[in-house]
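Down below is the structure, laid out as structure tokens.
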Amino acid sequence: MAIERTLVLIKPDGMQRHLAGLSIDRLENTHMDLVGAKIVTVTDKLAREHYALLEGVGPFKDRKLFEHLINFIKGEYHGDPRRRVLALVYKGEDAVKAIRAAVGVTNPEDASPETIRGAFGRICRKHGYYENVVHASGNLEEAEREIGLWFKPGEILE
Ligand code: ADP
Numbered sequence: 000m001a002i003e004r005t006l007v008l009i010k011p012d013g014m015q016r017h018l019a020g021l022s023i024d025r026l027e028n029t030h031m032d033l034v035g036a037k038i039v040t041v042t043d044k045l046a047r048e049h050y051a052l053l054e055g056v057g058p059f060k061d062r063k064l065f066e067h068l069i070n071f072i073k074g075e076y077h078g079d080p081r082r083r084v085l086a087l088v089y090k091g092e093d094a095v096k097a098i099r100a101a102v103g104v105t106n107p108e109d110a111s112p113e114t115i116r117g118a119f120g121r122i123c124r125k126h127g128y129y130e131n132v133v134h135a136s137g138n139l140e141e142a143e144r145e146i147g148l149w150f151k152p153g154e155i156l157e
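Below, the structure is given as structure tokens:
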């Protein structure tokens, strides 16, 4: 087992519904260490860099769904012109897997009720996208790539 870092985002739906605290409570229960945290206004550039690997892949072969994904993380559906996302970095043994386990699977209807997405996520019937409250890196490589997008090196503790 290795010491890893992983990125978590409290997405605009989670911010709008004031679920940041409850989400962090569950993340803290993993006993990983919080080593970075900041509120970020998500630009179009950052949104597209963050989701670059998903463009044209799986469900995102549907161009409209991909554009929903971009608009969603930019906060365009959640009525806040400040477009807030809370970005967090957790560090610890097997952090990527431990944090993903606390977050739950992508579809909130499939996510186990003790996970963040299972407890608080929902599906937007109008547009068909998942309001799953948080993002967490899928693997170590993605984690390091994503941390580099959202944080400057001096903003994260060792
Ligand atoms: P995860 O966030 O669990 O790693 P992905 O990276 O595959 O999942 O997808 C990124 C985000 O896109 C998801 O968190 C979710 O908000 C949205 N998403 C993924 N698949 C679908 C889908 N089939 N329908 C609607 N939204 C989806």
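For what it's worth, numbering that gives the first Met the number 0 labels the leading residue of the sequence shown as 0, then goes sequentially. Note that CB positions come from ideal geometry on N, CA and C, so glycine has one too.
Taking buried to mean at least 16 other C-beta atoms within 10 Å of its own C-beta, is Pro107 buried or exposed? Result: buried.
Taking only the alpha-carbon atoms, compute the straight-line gap between Tyr129 and Ala36 and give it to the nearest angstrom.
-> Those two C-alpha atoms are separated by around 24 Å.
Taking only three categories from DSSP, how would you classify Tyr3?
The question names Tyr, but residue 3 in the sequence shown is Glu. In this structure, Glu3 counts as strand in the three-state DSSP scheme.
Q.
Counting C-beta neighbours from all protein chains within 10 Å, is the total for Thr40 16 or more, i.e. buried, or is it exposed?
A. Exposed is the label assigned to Thr40, since fewer than 16 other Cβ atoms lie within 10 Å of its Cβ.
In chain order, which continuous runs of the beta strand (DSSP E) of length 3 or greater are located wholly inside the region 17 to 64? The qualifying runs are 32 to 40.
Ala110 - containing alpha helix (DSSP H), residue span:
Premise fails: Ala110 is in no alpha helix (DSSP H) and is neither H nor E.
Sorted by chain position, which residues of the same chain lie with C-beta nearer than 7 Å to Gly120's C-beta, five sequence neighbours on each side aside? Here the set comprises Pro107, Ala110, Tyr129, Glu130, Asn131, Val132.
Please confirm whether Val34 and Lys90 have their CB atoms less than 8 Å apart. Judged by their CB atoms, Val34 and Lys90 are nearer to each other than the 8 Å cut-off.
So, helix, strand or coil for Lys96, using DSSP? In this structure, Lys96 counts as helix in the three-state DSSP scheme.
**Asked** Below 8 Å between beta carbons: does that hold for Trp146 and Arg4?
**Response** Trp is not the amino acid found at residue 146; the sequence shown has Ile there. Their beta carbons are under 8 Å apart, which means Ile146 touches Arg4 by this criterion.
Next item on the list: Using three-state DSSP, classify His77 as helix, strand or coil.
Entry: For His77, the secondary structure class from DSSP, reduced to helix, strand or coil, is coil.
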